[in-house]
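J.: The sequence shown stops at residue 278 when you use this note's numbering, and every number in between is there.
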Amino acid sequence: MHVYIYDDYLNKSKYSKAVNRMEIRLTDLGLNGKIIRLGGIKNIKGTIQNEIKLGAKTIVAVGNNQTVNKIIGAIIDTDIYGDFQRKTLLGIIPIGNDNSIATSFGIKNEEEACNILLARRIEKIDLGLVGDRYFLNEANIEGLGTTIDLGDYSLEIEDKGTVRIVNLLSDKANLIGSNPHDGLLDVIINTRKKDQTLLKLSKFTITNSTEQLLIDGVIEVKTPAEVSVDRDKVSVIVGKDRLFQ
């Protein structure tokens, strides 16, 4: 059974045509399912976990990066639903802007997403973890004043630039071949004075006294924060043009 989680911004009139196209295509493909609209729901996690307990096999985020971040925790909470979680798939139907996660999965638009759901090509991938918040693509922070603590030693960045913590690429032009199956995060440090620095890490602490860490472009987290990777944590439905092997 498919359960479609509609983000509340889809209620705006400018998205009505895209939503209608998607719903018609899902009907044509025989992929009808239950629709849950996030607007007005206070306990999103509890609502989704109840659907999983009732037998939902595929939870589909209809919206953007923020939609995925709202529901990912419910799907992978093994402490509560163990066996249910292992059988639950994550699907994405992107509508509107801020859909780098869908791009990573090789999903370009809402109609193509429906075809990808039908094809049911499945990949189990790692997730990045900042504190208790998961991310699929990447987290980033201003370089100046950022310290990366590995326990045995630390790296302090003294120049302006960016620090990117990448689990899953969202841009084909990026030459760093991030692999969401290797149990490592790619920490990419770019500054004005130095060439790009690449570290492959599984666990570290990041600190910046003035800047926050931005997760998947939508959630800000204060530092210091422990960053780690959770291996093979979620099974996702992907397209053939996904940005990883």
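Quick reminder that beta carbons are idealized off the backbone N, C-alpha and C, glycines included.
No experiment lies behind these values; they were computed from the predicted model shown.
Round the Cβ separation of P127 and I140 to the nearest angstrom and send it over; I've been treating them as touching at under 8 Å.
T.: Rounded, the Cβ-Cβ distance is 6 Å, consistent with contact.
J.: Quick one: using the 10 Å Cβ neighbour count with 16 as the cut-off for buried, is G72 buried or exposed?
T.: exposed
J.: Label S137 either buried or exposed according to how many other C-beta atoms from any shown protein chain fall within 10 Å of its C-beta, with 16 as the threshold for buried.
T.: buried
J.: A152: buried (16+ other C-beta within 10 angstroms of its C-beta) or exposed?
T.: exposed
J.: The alpha helix (DSSP H) with V220 in it runs from where to where?
T.: Counting along the chain, V220 falls outside any alpha helix (DSSP H), though it belongs to the beta strand (DSSP E) covering L218 to T224.
J.: Along the chain, where does the alpha helix (DSSP H) containing A107 start, and where does it finish?
T.: N98 to I108
J.: Taking Cβ positions, are G66 and Y37 nearer each other than 9 Å?
T.: Less than 9 Å separates the beta-carbon of G66 from that of Y37.
J.: State whether the stretch 179 to 195 contacts the stretch 238 to 245, with contact taken as three or more CB pairs (one from each stretch) at a distance under 8 Å.
T.: yes
J.: Can you check DSSP and say which residues form a bridge with R54?
T.: DSSP lists no partner for R54.
J.: What is the DSSP secondary structure of I81, reduced to helix, strand or coil?
T.: helix
J.: Here's the rule I'm using: 16 or more other beta-carbon atoms within 10 Å means buried, otherwise exposed. How should D192 be labelled?
T.: Classification for D192: exposed.
J.: Mind the definition here: the stretch 210 to 219 touches the stretch 254 to 264 only if three or more C-beta pairs lie below 8 Å; say whether that holds.
T.: Taking a cut-off of 8 Å for Cβ pairs, the stretch 210 to 219 and the stretch 254 to 264 touch, as three or more such pairs fall below it.
J.: When you compare the CB positions of N170 and I125, do they come within less than 9 Å of one another, or not?
T.: no
J.: Quick one, which of D40, T256, L43 and E156 has its alpha-carbon nearest V163's?
T.: Taking each of D40, T256, L43 and E156 in turn and checking the Cα distance to V163, the smallest one comes out for T256.
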